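Novice:
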Amino acid sequence: MVVVAMSGGVDSSVAAALLLKKGYEVIGITMCFNLPDSPCGEPRCCGASAIADARRVSSLLGIRHYVLNLSREMERDVIADFIREYQNGRTPNPCVRCNEFVKFGALLKKAMALGADYLATGHYARIIKNGSYHLLKARDKRKDQSYFLYRFNQDRLRRILFPLGGYTKDAVKKLAKRMKFGVSEKKESQEICFIPRDYRSFLKARIRSSLFRPGRILDDKGNVIGTHQGVGFYTIGQREGLGLSCGCPVYVSRIDTTENAIHVSKRQGMYRRRFMVKNLVFPSGALKRKTRLRVKVRYFTPEVSADVEPLEDKAEVSLREAVFAITPGQSAVFYDKERVAGGGVIEEVLD
Amino acid sequence: MRKRTVYLDHNATTPLHPEVKKTLVAAMKVFGNPSSLHKFGREARALVEKARGDIASFIGAQHEEIIFAGSGSEANNSVVNILYCPAWKGCVGQGGLVKKRRIITTKIEHPCVLESVACVAASGIGVTYLDVDSYGKINTEQLKEEIGKGDVALVSVMMANNEIGTIQDIKSICEITHRNGALFHTDAVQAVGKLPVDVMELGVDYLSFSAHKIYGPKGIGCLYIRKGVPFCPFIRGGHQERGRRAGTENTLGIIGFAKAIQMRGVEMQAEAKHLFGLKKRLKEGIQRNIPDVFFNGHPEDSLAGTLNVSFAAAEGEAILLYLDMEGIAVSTGSACASGSLDPSHVLLAIGTPQEKAHGSIRISMGRDTTKDDIDYVIERFTGVIRKVRGISSVQGERQT
Numbered sequence: 035m036v037v038v039a040m041s042g043g044v045d046s047s048v049a050a051a052l053l054l055k056k057g058y059e060v061i062g063i064t065m066c067f068n069l070p071d072s073p074c075g076e077p078r079c080c081g082a083s084a085i086a087d088a089r090r091v092s093s094l095l096g097i098r099h100y101v102l103n104l105s106r107e108m109e110r111d112v113i114a115d116f117i118r119e120y121q122n123g124r125t126p127n128p129c130v131r132c133n134e135f136v137k138f139g140a141l142l143k144k145a146m147a148l149g150a151d152y153l154a155t156g157h158y159a160r161i162i163k164n165g166s167y168h169l170l171k172a173r174d175k176r177k178d179q180s181y182f183l184y185r186f187n188q189d190r191l192r193r194i195l196f197p198l199g200g201y202t203k204d205a206v207k208k209l210a211k212r213m214k215f216g217v218s219e220k221k222e223s224q225e226i227c228f229i230p231r232d233y234r235s236f237l238k239a240r241i242r243s244s245l246f247r248p249g250r251i252l253d254d255k256g257n258v259i260g261t262h263q264g265v266g267f268y269t270i271g272q273r274e275g276l277g278l279s280c281g282c283p284v285y286v287s288r289i290d291t292t293e294n295a296i297h298v299s300k301r302q303g304m305y306r307r308r309f310m311v312k313n314l315v316f317p318s319g320a321l322k323r324k325t326r327l328r329v330k331v332r333y334f335t336p337e338v339s340a341d342v343e344p345l346e347d348k349a350e351v352s353l354r355e356a357v358f359a360i361t362p363g364q365s366a367v368f369y370d371k372e373r374v375a376g377g378g379v380i381e382e383v384l385d
Numbered sequence: 061m062r063k064r065t066v067y068l069d070h071n072a073t074t075p076l077h078p079e080v081k082k083t084l085v086a087a088m089k090v091f092g093n094p095s096s097l098h099k100f101g102r103e104a105r106a107l108v109e110k111a112r113g114d115i116a117s118f119i120g121a122q123h124e125e126i127i128f129a130g131s132g133s134e135a136n137n138s139v140v141n142i143l144y145c146p147a148w149k150g151c152v153g154q155g156g157l158v159k160k161r162r163i164i165t166t167k168i169e170h171p172c173v174l175e176s177v178a179c180v181a182a183s184g185i186g187v188t189y190l191d192v193d194s195y196g197k198i199n200t201e202q203l204k205e206e207i208g209k210g211d212v213a214l215v216s217v218m219m220a221n222n223e224i225g226t227i228q229d230i231k232s233i234c235e236i237t238h239r240n241g242a243l244f245h246t247d248a249v250q251a252v253g254k255l256p257v258d259v260m261e262l263g264v265d266y267l268s269f270s271a272h273k274i275y276g277p278k279g280i281g282c283l284y285i286r287k288g289v290p291f292c293p294f295i296r297g298g299h300q301e302r303g304r305r306a307g308t309e310n311t312l313g314i315i316g317f318a319k320a321i322q323m324r325g326v327e328m329q330a331e332a333k334h335l336f337g338l339k340k341r342l343k344e345g346i347q348r349n350i351p352d353v354f355f356n357g358h359p360e361d362s363l364a365g366t367l368n369v370s371f372a373a374a375e376g377e378a379i380l381l382y383l384d385m386e387g388i389a390v391s392t393g394s395a396c397a398s399g400s401l402d403p404s405h406v407l408l409a410i411g412t413p414q415e416k417a418h419g420s421i422r423i424s425m426g427r428d429t430t431k432d433d434i435d436y437v438i439e440r441f442t443g444v445i446r447k448v449r450g451i452s453s454v455q456g457e458r459q460t
């Protein structure tokens, strides 16, 4: 028996259909987080209309469908951390945490308790068994989501299915159309599901204003060139909304929470090569010595070649070419060709 | 015990009574429009009017005091809508209420009343929501105080609550209302066909009920409108129902409704006794086997077949899911399936804490429920709750 996490969208609907075709007994579950609907009326992945869509697809497929309340887990393990990280001057990646704690955490646990053998989702990634289990990139490299899924050990990989890993997005869309789910035209979700507008207004609504302490904006030479509204409102690489007029474009290059200061640099000053990573996970075996791998420091940043050196519970990463706006709080994911070798959270950028 | 299928969601809807089904199949050959003057129309008209008469007499009303609607929700909406009528004097017969601009209802009404009241309120009509006590009974002192202000046009209080089963003393609430010159409506969707209901005895001005809650077909509701009280059609554009509800009659629905009502007359009394016995058995079984349970609703003044129970440190959706796997169909007080996680407004109104409201299950039995069903449910419930508590994210709430 397989539990499929269904959002009512194309991907998870096709994933459920493919598993059914393979002969699995399939149960659809939609997670409900009680999040406010987005102001422009776009349906959320977990809102009322998503639930209605998932229920409709499930009834077309003839499978059982349930809604599970995971709002407590979402709040405790993802949203609270998101807010804390911004306050600490880091830029979190809530999707990575949601996968670790909510989807492939609490939901996986509940699916197993239901008697399921596997939990499946519509993610684009692959899991293969070759002695041990390995997480691989999706066949469709443009859609590959392995970056968000690196935090699983063997015990979890064994219980997860990604039915879409071998398909291209176009093929999945065609399948959805052929199956007449009526969900193929939906706009894809890219934004953070619990942020209705932008993260700054979200933080403002969630945190007491006294916690936002204005401070200085400094340039490369240490000159004060402006005032910021509180470190939580800034992210590395940010250009807009700094309220500066210094002629040429500058970017946030460092957030110093001890001094409550924001440092800005010109574009050429934004490239870095060396950083420390913590909270490491190695899905199919820990790294023992310094290893040449490919590293991705953000979902939308292309991977680059790097030496990864394990140091007790951390790792030092030295990129072979400098990368723009390496950001503490984001994940660095290590690839060995197709395989996800491991990853962790960027703690500190060295140089 | 071997796995079996047990339907315990009769407050959501009921299976068609076999006698109703027979009647419907026979009536399917009648296709005429009851408004047509020819033979085909007359044939349909005769069945509709016979049904109207039977339903009217079941609740002690006159046939012309009964109009059919698409659902109990529509019937309830129609009553609240009277206050919204822009041409008040034109269509109500009595224009005397025009200066009264307030409605009193309760915090535990069905959403079809609460949301239509909220909509009317947006147009400037005042609304007062009466509190209820921990059993779900309204506070009549609060009603007296509020209605004494003299600006109230309508009071709407449900007869039996769909979630917790609590039955209100409609007769005395109606008396208080009339003494203060307001009109009284009751949503009796969960009451008619389960309890004796007589509109003359109760004195109500409007009363709504529905067929599919009492083994009749879906898509047909009924509204009693006492002769001489104001009314304004909710659906316009036809002379049907004496101009009070436009649209070609749902002939089959009406015929099925009347048959369901007739069968209620035969079965209701004995069934209520049977269900009270089963409820007692179920309650005791749950209490014996499962720690940290709380029963919601009034211990006596309650629908015979309805049992609402909260389990500490468990989530309603998960309980429902596991019970479904065991073949047991119930419903939950938390409305996650509708996209909102707010727990039931009824449970909150009777003072159930949020966490407990989330772990609530409504069990509603019906005419086919047997002792064996209940014993099976008691047996499976125990394991299910243990399992759900094991995976619950609500920790530390449980009293040990």
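Listed in order, the protein sequences are those of chains A and B. Residue numbering for the first sequence follows the working numbering, beginning at 35 and increasing consecutively. Residue numbering for the second sequence follows the working numbering, beginning at 61 and increasing consecutively. Where is the CB? At the ideal position from N, CA and C, for every residue including glycine. If you're wondering where the values come from, they're calculated on a predicted model, not measured in any experiment.
#1: Who are the near neighbours of Met218(B) in its chain, counting only those whose CB is closer than 6 Å to its CB and skipping five residues on each side?
#2: Run through DSSP, which three-state label would Asn103(A) get?
#3: Taking the DSSP output, what are the residues bridged to Ile251(A)?
#4: Would you mind stating whether Gly426(B) and Thr73(B) have Cβ atoms separated by less than 7 Å?
#5: Spatial neighbours of Ser92(A) within its chain, please: C-beta separation below 8 Å, excluding the five flanking residues on both sides.
#6: Tell me whether the region 240-251 of chain A and the region 109-121 of chain A touch, counting them as touching only if at least three CB pairs, one residue from each stretch, are closer than 8 Å.
#7: Residues of chain B with CB under 9 Å from Ala320(A), in chain order?
#8: Specify the secondary structure class of Val257(B) as computed by DSSP and reduced to three states.
#9: Counting only Cβ pairs nearer than 8 Å, list the residues of chain B close to Ala147(A).
#10: Would you mind reading off the limits of the beta strand (DSSP E) that contains Arg162(B)?
#11: Quick one: measure Cβ to Cβ for Thr125(A) and Ile270(A), integer angstroms, because I've assumed they're closer than 8 Å.
#12: Restricting to Cα atoms, I'd like to know which of Asn68(A), Arg326(A) and Ile117(A) is closest to Phe267(A).
#13: With distances taken Cα to Cα, identify the nearest neighbour of Leu195(A) among Ser299(A), Ile229(A) and Leu183(A).
#14: Under a Cβ-count criterion, where at least 16 other Cβ atoms within 10 Å of its own Cβ denotes burial, should Glu331(B) be classed as buried or exposed?
#15: Give the straight-line distance between the Cα atoms of Asn71(B) and Gly325(B), rounded to the nearest whole angstrom.
#16: Tell me whether the beta-carbon of Val342(A) lies closer than 7 Å to the beta-carbon of Val351(A).
#17: Taking 8 Å as the cut-off, does the region 265-276 of chain B touch the region 286-293 of chain B (at least 3 CB pairs, one atom from each stretch)?
#18: Taking 7 Å as the CB-CB limit, is Leu68(B) close to chain A?
#19: So, using beta-carbon positions, are Pro317(A) and Phe186(A) closer together than 7 Å?
#20: Check the Cβ of Lys143(A) against every Cβ in chain B and list those closer than 8 Å, keeping chain order.
#21: Per DSSP, which residues does Thr392(B) bridge with? Please list them.
#22: Indicate whether Met108(A) and Val130(A) have their beta-carbon atoms separated by less than 7 Å.
#23: Considering only heavy atoms of the ligand GTP, does any lie closer than 6 Å to the CB of Leu214(B)?
#24: Give me the residue from His245(B), Gly113(B), His238(B) and Ile227(B) with the minimum Cα distance to Lys254(B).
#25: Sorted by chain position, which residues of the same chain lie with C-beta nearer than 8 Å to Gln154(B)'s C-beta, five sequence neighbours on each side aside?
#26: For Phe196(A), which three-state DSSP category applies?
#27: If I measure Cβ to Cβ from Asp151(A) and keep anything under 8 Å in the same chain, skipping five residues before and after, which residues do I get?
#28: What residues of chain A sit near Leu408(B), judged by a beta carbon separation below 7 Å?
#29: Who are the Cβ neighbours of Tyr436(B) in its own chain at under 7 Å, not counting the five residues just before and after it?
#30: What does Ala349(A) pair with, by DSSP beta-bridge criteria?
#31: For Asn103(A), is the classification buried or exposed, using 16 other Cβ atoms within 10 angstroms of its Cβ as the cut-off for buried?
Specialist: Judging by the given coordinates:
#1: Here residue 218(B) corresponds to residue number 158 of the second sequence, with the count starting at 1. Closer than 6 Å at Cβ, skipping near neighbours: Glu169 and Asp247.
#2: Taking the first sequence and counting its residues from 1, one reaches residue 103(A) at position 69. Strand, per DSSP.
#3: Taking the first sequence and counting its residues from 1, the one referred to as residue 251(A) is at position 217. Paired residue(s): Gly260(A) and Ile296(A).
#4: In the second sequence, counting from the first residue as 1, residue 426(B) sits at position 366. In the second sequence, counting from the first residue as 1, residue 73(B) sits at position 13. Contact flag unset, no.
#5: Taking the first sequence and counting its residues from 1, one reaches residue 92(A) at position 58. Non-local C-beta neighbours of Ser92(A) in its own chain, meaning closer than 8 Å and more than five positions away in sequence, comprise Met40, Ala50, Gly62, Arg98 and His99, ordered along the chain.
#6: yes
#7: Translated into the one-based positions of the first sequence, residue 320(A) becomes position 286. The contacting residues do not exist; Ala320(A) stays about 30 Å from chain B at best.
#8: Numbered from 1 along the second sequence, position 197 holds the residue referred to as residue 257(B). In the structure shown, Val257(B) sits in coil (DSSP, three-state: anything other than H, G, I, E or B).
#9: For the purposes of this step, residue 147(A) is taken as the residue at position 113 of the first sequence. What Ala147(A) touches in chain B: Lys447, Gly450 and Ile451.
#10: The residue labelled residue 162(B) in the question sits at position 102 within the second sequence. Here the beta strand (DSSP E) through Arg162(B) covers Arg162 to Thr166.
#11: As a working mapping, residue 125(A) is identified with position 91 in the first sequence. As a working mapping, residue 270(A) is identified with position 236 in the first sequence. Rounded, the Cβ-Cβ distance is 6 Å, consistent with contact.
#12: Here residue 267(A) corresponds to residue number 233 of the first sequence, with the count starting at 1. If we check each option's Cα against that of Phe267(A), Ile117(A) comes out closest.
#13: For the purposes of this step, residue 195(A) is taken as residue 161 along the first sequence, with counting starting at 1. Taking only the C-alpha atoms, the option nearest Leu195(A) is Leu183(A).
#14: The residue labelled residue 331(B) in the question sits at position 271 within the second sequence. By the 10 Å Cβ count, Glu331(B) comes out buried.
#15: Taking the first residue of the second sequence as 1, we reach residue 71(B) at position 11. Taking the first residue of the second sequence as 1, we reach residue 325(B) at position 265. Near 19 Å, if we compare the C-alpha coordinates of Gly325(B) and Asn71(B).
#16: The count along the first sequence starts at 1 and reaches residue 342(A) at position 308. The count along the first sequence starts at 1 and reaches residue 351(A) at position 317. In this structure, Val351(A) lies closer than 7 Å to Val342(A) by Cβ.
#17: yes
#18: The residue given as residue 68(B) occupies position 8 in the second sequence. Chain A, which has no Cβ nearer than 7 Å to the Cβ of Leu68(B), makes this no.
#19: Locating residue 317(A) in the first sequence gives position 283, counting from the first residue. Locating residue 186(A) in the first sequence gives position 152, counting from the first residue. Yes, these two residues count as a Cβ contact at 7 Å.
#20: Locating residue 143(A) in the first sequence gives position 109, counting from the first residue. Within chain B, the residues near Lys143(A) are Ile451.
#21: As a first step, residue 392(B) must be located in the second sequence, where it is residue number 332. BP columns for Thr392(B) point to Ile421(B).
#22: Your numbering for residue 108(A) matches position 74 in the first sequence. Your numbering for residue 130(A) matches position 96 in the first sequence. Cβ atoms of Met108(A) and Val130(A): not closer than 7 Å.
#23: Judged by which ligands are present, the structure shown has none, so any question about the ligand GTP falls away.
#24: Residue numbering aside, residue 254(B) sits at position 194 when the second sequence is read from its first letter. Among His245(B), Gly113(B), His238(B) and Ile227(B), the Cα nearest to that of Lys254(B) belongs to Ile227(B).
#25: The residue you call residue 154(B) lines up with position 94 of the second sequence. Unreliable positioning characterises Gln154(B) in this predicted model, as indicated by a pLDDT of 47, which lies under 50. A coordinate reading is not provided.
#26: For the purposes of this step, residue 196(A) is taken as the residue at position 162 of the first sequence. When secondary structure is reduced to three states using DSSP, Phe196(A) falls in the coil class, being assigned neither helix nor strand.
#27: Taking the first residue of the first sequence as position 1, residue 151(A) is located at position 117. Only Met35, Val36 and Arg193 meet the Cβ criterion.
#28: In the second sequence, residue 408(B) corresponds to position 348, counting from 1. Under the 7 Å cutoff, chain A gives no residues; its nearest Cβ is about 15 Å from Leu408(B).
#29: As a working mapping, residue 436(B) is identified with position 376 in the second sequence. Excluding positions up to five away in sequence, the list reads Met61, Arg64 and Val66.
#30: In the first sequence, residue 349(A) corresponds to position 315, counting from 1. BP columns for Ala349(A) point to Val311(A) and Pro344(A).
#31: Position 69 of the first sequence, counting from 1, holds the residue named residue 103(A). Buried, since its Cβ has 16 or more Cβ neighbours within 10 Å.
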